[in-house]
Amino acid sequence: DVKVTQSSRYLVKRTGEKVFLECVQDMDHENMFWYRQDPGLGLRLIYFSYDVKMKEKGDIPEGYSVSREKKERFSLILESASTNQTSMYLCASSSVPRGAYEQYFGPGTRLTVT
Amino acid sequence: AQSVTQLDSQVPVFEEAPVELRCNYSSSVSVYLFWYVQYPNQGLQLLLKYLSGSTLVKGINGFEAEFNKSQTSFHLRKPSVHISDTAEYFCAVTPRGGKLIFGQGTELSVKP
Numbered sequence: 023d024v025k026v027t028q029s030s031r032y033l034v035k036r037t038g039e040k041v042f043l044e045c046v047q048d049m050d051h052e053n054m055f056w057y058r059q060d061p062g063l064g065l066r067l068i069y070f071s072y073d074v075k076m077k078e079k080g081d082i083p084e085g086y087s088v089s090r091e092k093k094e095r096f097s098l099i100l101e102s103a104s105t106n107q108t109s110m111y112l113c114a115s116s117s118v119p120r121g122a123y124e125q126y127f128g129p130g131t132r133l134t135v136t
Numbered sequence: 072a073q074s075v076t077q078l079d080s081q082v083p084v085f086e087e088a089p090v091e092l093r094c095n096y097s098s099s100v101s102v103y104l105f106w107y108v109q110y111p112n113q114g115l116q117l118l119l120k121y122l123s124g125s126t127l128v129k130g131i132n133g134f135e136a137e138f139n140k141s142q143t144s145f146h147l148r149k150p151s152v153h154i155s156d157t158a159e160y161f162c163a164v165t166p167r168g169g170k171l172i173f174g175q176g177t178e179l180s181v182k183p
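Line by line, the protein sequences are chains A and B. Mapped onto our numbering, the consecutive letters of the first sequence carry residue numbers 23 to 136. Mapped onto our numbering, the consecutive letters of the second sequence carry residue numbers 72 to 183.
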């Protein structure tokens with residue numbers, strides 16, 4: 023079974039802090055994704071990566087950056103956390119080359135910024 | 072551009088009753104369609120998918136969905152729900168080779 027793990031289930035940070043959310047997948051998938059999930063809005067794509075050291079902006083990249091130094095690891099960085107970034111963050115991976123479908127999701131990190 | 076609309080934000084239903092969760096999409100190109108389920112405090116898992124072929128797709132846990140190209144719909148159905156089906160359900164679409172676009176989600180609440 024594909025396993026996608028996220029470094030924390032719950033995280034509380036202060037406004038202005040730099041925040042790192044880590045995601046690791048164990049199935050040698052090429053593609054990795056970061057979403058945020060908010061009630062009534064579904065999942066919105068922040069950034070994605072089709073290969074190591076590659077990244078592409080999703081629909082809501084403002085205030086975020088990403089890093090993919092190794093194939094199995096995809097990090098989401100909040101350079102200066104703000105209260106409007108309080109949300110559930112979901113990482114996903116998929117194996118189809120440059121294809122986003124049939125994604126496998128991690129359990130999510132619920133981030134609260136105070 | 073593609074978009075997905077889930078027509079009901081919440082669906083309450085009694086145990087053993089049938090249920091339909093509605094999903095409509097818009098796209099100018101051919102798409103692949105998915106339903107994902109999110110149980111409380113968990114990530115999403117794939118319930119079923121339509122890529123091509125038969126328009127009636129069967130998934131896990133007794134769910135099925137029907138792709139209707141003329142109505143641009145992909146409604147999810149189950150003939151008899153259980154308490155354990157209580158979860159949030161997401162419809163998603165992707166143009167072939169593109170990004171997944173999710174609907175807003177439908178909360179299914181199964182009551183005894």
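Built from N, CA and C at the ideal position, the CB exists for glycine as well.
Taking a contact as a CB-CB distance under 8 Å, the pair G133/B and K120/B does not count as one, their CB atoms being some 16 Å apart.
DSSP places N112/B in the coil class of the three-state scheme, outside both helix and strand. Taking each of R58/A, E94/A, Y72/A and Q107/A in turn and checking the Cα distance to C45/A, the smallest one comes out for E94/A.
Here L92/B really is in contact with L179/B; their C-beta atoms are around 7 Å apart, less than 8 Å. Here S71/A carries a strand assignment [DSSP, helix/strand/coil].
Taking T108/A as the centre and dropping the five residues before and after it, the same chain places the C-beta of L133, T134 and V135 closer than 8 Å to its C-beta, in chain order. Here the C-alpha atom of D50/A lies approximately 26 Å from the C-alpha atom of V41/A. As the crow flies, the alpha-carbon of S116/A is around 23 Å from that of A158/B. Exposed is the label assigned to S102/A, since fewer than 16 other Cβ atoms lie within 10 Å of its Cβ. Those residues of the region 160–178 of chain B placed with their C-beta closer than 7 Å to a C-beta in chain A are F161, T165, G168, G169, K170, L171, F173, G174, Q175 and G176, ordered along the chain. Relative to Q125/A, the option among R36/A, E52/A, G38/A and L43/A whose CA is nearest is E52/A. Counting every other CB atom within 10 Å of its CB across the protein chains shown gives A114/A a total of 16 or more, marking it as buried. Every candidate alpha helix (DSSP H) stretch fails here, since none sits fully inside the region 35–64 of chain A while reaching 4 residues. Looking at L104/B, S80/B, Q142/B and D156/B, the one whose alpha-carbon comes closest to that of L171/B is L104/B.
In this structure, Y69/A keeps its C-beta atom at 8 Å or more from the C-beta atom of G85/A.
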